[in-house]
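Contents: one structure, followed by commentary.
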Amino acid sequence: MNHFLDLWPISSGELRSILDNAKSRKAARKGLPKGTADKDAPLAGHTLAMIFEKNSTRTRVSFDMAIRQLGGTSLILTATDSQISRGESIEDTARVMSRYVDAVMMRANRHADVEAFAKFASVPVINGLTEKSHPCQIMADLQTLEEAGLVLKGSRIAWVGDGNNMANTFIHAAPKFGFSLSVATPAGYDADMKDVERARAEQGRIDLFRDPMQAVAGADVVVADTFVSMGDLDADKRLADLGGYKVSGELMRAANGGAKFLHCLPAHRGEEVDGDVIDGPQSLVFDEAENRLHAQKAILEWCLRG
Ligand code: CP
Ligand code: NVA
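For the sequence shown, the working numbering assigns the number 878 to the initial residue and increments by one for each residue that follows.
As structure tokens, this is what we get:
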């Protein structure tokens, strides 16, 4: 069963084939109206269910359009209007949903719930973001960088800000794709050290810093994310503690000339990034958002057709 819960269990070769498929499907349908299926409609007759325990704009719309372009359909469940919020177990929900649909995408408060769902489901399960990771986003990010001409192997990516789910997923991706990662976080906001150790054990180069200027030195890409993720209850403290980690024009100038800027969105201009950076010529954020669609089509195809 091909679940897409995290990058760790998926080989570099398979991840490479997913990225390549994303790019070739994107190229092959150029010019078609967005609601028209790809010519081969490889997932005709398939239904994807999406379960949302947290808000979403990109994940929800891009997965919906992704399955349609592959010839299938989708349906959406929010935790609040399903029996999940009334205490029905993840295990039973997974077993029941598997009788109706061909795949499930889940955005969950607890990563352990997505893992439990996958354990009890008899159809592929995709992690659409948890507090620990956001693997679909990283595939779109890497597709975007390659399309912008970056050769991932040997490149250097700098993460600046909170050591959150996105930071962790960049750490997972580093050994898989052969880029080195520098991570600048304040004390108390470190990325998951178990992930850092695992990435290093798998030959990934991960350098940890407190000073954002040191982290971006030599970087080909600078990445920011919100200081207050969904589920974080200490917004005021976070904004105060992370204030020195905003990606400004000055910080971008300390990276390599022509360095690219990524942000998975939603963004808060003036908090984690200045407007002139995210809306400036080095920013790829809207290509990155678009590529959620293309990357997820390849992920869905890999999950359902291998
Ligand atoms: N980047 C991302 O996952 O966006 P949404 O929260 O809007 O889905
Ligand atoms: N770190 C953010 C990412 C949103 C797509 C969050 O979890 O809210």
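Note that beta-carbon positions come from the ideal geometry of N, C-alpha and C, so glycine has one too.
> Does the ligand CP have a heavy atom nearer than 7 Å to the CB of arginine 1075?
Replying inline: Mapped onto the sequence shown, residue 1075 falls at position 198. No, Cβ of arginine 1075 sits at least 7 Å from all heavy atoms of the ligand CP.
> Per DSSP, what kind of secondary structure is valine 978 in: helix, strand or coil?
Replying inline: As a first step, residue 978 must be located in the sequence shown, where it is residue number 101. Looking at valine 978 - three-state DSSP - the assignment turns out to be coil, as it is neither helix nor strand.
> Which one of Ala995, Phe1138, Phe1163, Ala1101 has the shortest CA to CA distance from glycine 1040?
Replying inline: Walking along the sequence shown from the start, residue 1040 turns up at place 163. Of Ala995, Phe1138, Phe1163, Ala1101, the residue nearest in Cα terms is Ala1101.
>> Using 8 Å as the threshold, is the C-beta distance between arginine 1115 and valine 1105 below it?
In response: As a first step, residue 1115 must be located in the sequence shown, where it is residue number 238. As a first step, residue 1105 must be located in the sequence shown, where it is residue number 228. Yes; because the gap between Cβ atoms is below 8 Å, this pair is in contact.
> With lysine 1053 and aspartate 1097 assumed to form a contact (beta carbons below 8 Å), what rounded beta-carbon distance in angstroms separates them?
Replying inline: Looking up residue 1053 in the sequence shown gives position 176. Looking up residue 1097 in the sequence shown gives position 220. Contact flag wrong, Cβ pair sits at about 17 Å.
>> Buried or exposed for leucine 952, going by 16 or more other Cβ atoms inside 10 Å?
In response: For this step, residue 952 is matched to residue 75 along the sequence shown. So leucine 952 counts as exposed.
> How big is the Cα-Cα spacing for alanine 1035 and arginine 976?
Replying inline: Residue 1035 sits at position 158 when you count from the first residue of the sequence shown. Residue 976 sits at position 99 when you count from the first residue of the sequence shown. The straight-line gap from Cα to Cα measures roughly 43 Å.
> Excluding five sequence neighbours on each side, which residues of the same chain lie with their C-beta closer than 7 Å to the C-beta of serine 999?
Replying inline: As a first step, residue 999 is located in the sequence shown; it is residue number 122 there, counting from the start. Here the set comprises Ser975.
> Since alanine 1017 contacts glutamate 1165 with CB under 8 Å, what's their CB separation in whole angstroms?
Replying inline: For this step, residue 1017 is matched to residue 140 along the sequence shown. For this step, residue 1165 is matched to residue 288 along the sequence shown. Between glutamate 1165 and alanine 1017 the Cβ distance is about 6 Å, and since that is below 8 Å, they are a contact.
> alanine 993 to tyrosine 1066, Cα distance in whole Å?
Replying inline: Residue numbering aside, residue 993 sits at position 116 when the sequence shown is read from its first letter. Residue numbering aside, residue 1066 sits at position 189 when the sequence shown is read from its first letter. Each residue's Cα considered, the two are about 27 Å apart.
> Going by the C-beta, is serine 933 closer than 7 Å to any heavy atom of the ligand CP?
Replying inline: The residue given as residue 933 occupies position 56 in the sequence shown. Because some heavy atom of the ligand CP lies under 7 Å away, the Cβ of serine 933 counts as near it: yes.
>> Quick test of your reading: phenylalanine 929 and threonine 950, contact by CB under 8 Å. State the CB separation rounded to the nearest angstrom.
In response: Taking the sequence shown and counting its residues from 1, one reaches residue 929 at position 52. Taking the sequence shown and counting its residues from 1, one reaches residue 950 at position 73. Not confirmed; about 17 Å, so no contact.
>> Quick check on this structure: which residue in His988, Asp1151, Asp1111, Leu1170 has the alpha carbon closest to the alpha carbon of tyrosine 912?
In response: For the purposes of this step, residue 912 is taken as the residue at position 35 of the sequence shown. One detail in the question is off: residue 912 reads as glycine in this sequence, not tyrosine. Comparing Cα positions, the closest option is Leu1170.
> Cβ atoms of glycine 948 and proline 919: under 8 Å apart, would you say?
Replying inline: Counted from its first residue, the sequence shown places residue 919 at position 42. Counted from its first residue, the sequence shown places residue 948 at position 71. For proline 919 and glycine 948, yes; Cβs fall inside 8 Å.
> Thinking just about the alpha-carbon of each residue, which of Leu1177, Arg1033, Lys1123, Glu968 is nearest to the one in glycine 1135?
Replying inline: Here residue 1135 refers to the residue found at position 258 when the sequence shown is read from its first residue. For glycine 1135, the nearest C-alpha among the options comes from Arg1033.
>> To the nearest angstrom, how far is the alpha carbon of alanine 1199 from that of glutamate 1024?
In response: Residue 1199 lies beyond the stretch modelled for the chain, which goes from 878 to 1183, so this question has no answer here.
>> Just verifying my parser: in three-state terms, what is the DSSP assignment at isoleucine 1083?
In response: By 1-based counting over the sequence shown, the position of residue 1083 is 206. Note: isoleucine 1083 maps to strand in three-state DSSP.
> Thinking C-alpha only, which one of Lys931, Val1002, Ser962 is nearest aspartate 979?
Replying inline: As a first step, residue 979 is located in the sequence shown; it is residue number 102 there, counting from the start. Nearest C-alpha to aspartate 979: Val1002.
> If you count every other CB in all the chains shown that lies within 10 Å of the CB of glycine 964, and 16 or more means buried, which is it?
Replying inline: Along the sequence shown, read from residue 1 onward, the residue named residue 964 stands at position 87. With fewer than 16 Cβ atoms within 10 Å of its Cβ, glycine 964 is classed as exposed.
>> Could you compute how far the alpha carbon of phenylalanine 1056 sits from the alpha carbon of glutamine 960?
In response: Along the sequence shown, read from residue 1 onward, the residue named residue 1056 stands at position 179. Along the sequence shown, read from residue 1 onward, the residue named residue 960 stands at position 83. Answer to the nearest angstrom: the Cα atoms are 43 Å apart.
> How would you label aspartate 917, buried or exposed, when you count the other beta carbons within 10 angstroms and need 16 or more for buried?
Replying inline: Here the question's residue 917 lines up with position 40 in the sequence shown. Its Cβ having fewer than 16 others within 10 Å, aspartate 917 is exposed.
>> Going by DSSP, what residue range makes up the alpha helix (DSSP H) through methionine 1129?
In response: Sequence index remark: in the sequence shown, residue 1129 carries index 252 (1-based). Methionine 1129 -> alpha helix (DSSP H) spans 1126 to 1131.
>> Nearer than 7 Å: is that true of the beta carbon of leucine 1177 relative to any heavy atom of the ligand CP?
In response: Indexing the sequence shown from 1 puts residue 1177 at position 300. Not so, every heavy atom of the ligand CP lies at least 7 Å from the Cβ.
> Does any heavy atom of the ligand NVA sit closer than 7 Å to the C-beta of leucine 1116?
Replying inline: In the sequence shown, counting from the first residue as 1, residue 1116 sits at position 239. Leucine 1116: no, Cβ never under 7 Å from the ligand NVA.
>> For the ligand SAM, I want to know if threonine 1103 counts as a neighbour, meaning its beta carbon is within less than 7 Å of at least one of the ligand's heavy atoms.
In response: Absence of the ligand SAM from the depicted structure is noted, with the ligand CP and the ligand NVA being the only ligands included.
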